[in-house]
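Those protein sequence lines, which keep their order, are chains A and B. Per my numbering, the very first residue in the first sequence carries number 1; after that it's consecutive. Per my numbering, the very first residue in the second sequence carries number 1; after that it's consecutive. The structure under discussion appears below in the form of structure tokens.
Protein chains: 2
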Amino acid sequence: MNTNSPFLCGLDAALRLIGGKWKPLILYFLQKSACRYGELKRSVNGISDKVLIQQLKELEANGVITRTDYKEIPPRVDYSLTPLGKSLVETLRPLCKWGEDNEETIKSKLVLR
Amino acid sequence: MNTNSPFLCGLDAALRLIGGKWKPLILYFLQKSACRYGELKRSVNGISDKVLIQQLKELEANGVITRTDYKEIPPRVDYSLTPLGKSLVETLRPLCKWGEDNEETIKSKLVLR
DNA sequence: TCAAGTACTTACCTTTTTGTGTGTAGGGAG
DNA sequence: CTCCCTACACACAAAAAGGTAAGTACTTGA
Chain A
1 MNTNSPFLCG LDAALRLIGG KWKPLILYFL QKSACRYGEL KRSVNGISDK VLIQQLKELE
61 ANGVITRTDY KEIPPRVDYS LTPLGKSLVE TLRPLCKWGE DNEETIKSKL VLR
Chain B
1 MNTNSPFLCG LDAALRLIGG KWKPLILYFL QKSACRYGEL KRSVNGISDK VLIQQLKELE
61 ANGVITRTDY KEIPPRVDYS LTPLGKSLVE TLRPLCKWGE DNEETIKSKL VLR
């Protein structure tokens, strides 16, 4: 990483795209297949419309996901991973697995709020 | 990931430990070798004492790093990765590399603040 | 005596992120 | 004619994260 980069390191760069409370989960669900808005909302339990839309827009603006509007009424829209998004999600596999493997450890140490 | 887990998925669990503006960079520096406080501060350019200490304490409380106080005067303290921290950092490699490889793409798409 | 160096600590404030609650368009069902 | 459905939008509020500036203890060196 060179000195005039806006990022601290590659890790920092990547985390700019997937940071935030809900983005990992959104990617986690889209990894399987494209999802409609409402479907995603039900999957990502507890997220509000405002925040979900916001995260989706950011992910879309960052080229990680694609929004498809079927121009139907009632509205039908779905979201899926772009090639960039897919390659990103691939690299998250080890981290994801690490999180699963160490869930108990993390749970016991983390101060949950 | 089961239903009574406090985490959304393994990825979420892992990100609880390394989330935050500076933690990735801190880990990035500690990956190489143990570092003294002042050394770390100079490396992680721009961070304030308050925030650096805070992040270090969280990392320590979460079992990712170890603090060693040499009880000397003037004070000498250093920080290093625990085995857990080391295994975590390992899993970050692909993500880190992805970030480096795609730096230009990310830079062009991201709304930097 | 006085400044400098080390590793913090504290009070206070600003910015960023997340959440709540309500509203909208354009149909179809009853 | 009114309610319900979908995928949002908007104003506002709360919470979390980050930053600033000052101060602490103790010792060495000028």
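Beta carbons are placed, not taken as given, at the ideal position from N, Cα and C, and that holds for glycine. Values in this document were obtained by computation on a predicted structure and should not be read as measured data.
DSSP-derived helix/strand/coil call for residue i
| i | result |
| --- | --- |
| Gly105/B | With the sequence shown as reference, residue 105/B is identified as Thr, and Gly is not the correct amino acid for it. Correct three-state label for Thr105/B: helix. |
| Ser87/A | helix |
| Tyr79/A | strand |
| Cys96/B | helix |
Classification of residue i by the beta-carbon crowding that lies within 10 angstroms, buried from 16 upward
| i | result |
| --- | --- |
| Pro24/A | buried |
| Asp69/B | exposed |
| Asn45/B | exposed |
| Ile53/B | exposed |
| Glu90/B | exposed |
| Gly85/A | buried |
Chain A contact for residue i (CB, 8 Å cutoff)
| i | result |
| --- | --- |
| Gly63/B | yes |
| Leu81/B | no |
| Pro74/B | no |
| Leu52/B | no |
| Met1/B | Confidence at Met1/B is low in this model, with a pLDDT of 48, below 50, so its placement is unreliable and no value can be given for it. |
| Thr91/B | yes |
| Leu59/B | no |
| Ser5/B | yes |
| Ser87/B | yes |
| Leu40/B | no |
Terminal residues of the beta strand (DSSP E) in which residue i lies
| i | result |
| --- | --- |
| Ile73/A | Where Ile73/A is concerned, there is no enclosing beta strand (DSSP E), given that its DSSP letter is neither H nor E. |
Cβ of residue i within 8 Å of any chain B Cβ
| i | result |
| --- | --- |
| Ser43/A | no |
Extent of the continuous alpha helix (DSSP H) run through residue i
| i | result |
| --- | --- |
| Phe7/B | First-last for Phe7/B: undefined, no H or E at that position. |
Proximal residues, the segment 97–112 of chain A versus chain B, C-beta separation under 8 Å | For the segment 97–112 of chain A, which is checked against every Cβ of chain B, the residues closer than 8 Å are Lys97, Trp98, Gly99, Glu100, Asp101, Asn102, Glu103, Thr105, Ile106, Lys107, Lys109, Leu110, Val111 and Leu112.
Give the residues from the segment 10–38 of chain B that approach chain A closer than 7 Å (Cβ to any Cβ), ordered along the chain.
-> Gly10, Leu11, Asp12, Ala13, Ala14, Leu15, Arg16, Leu17, Gly19, Pro24, Leu25 and Tyr28
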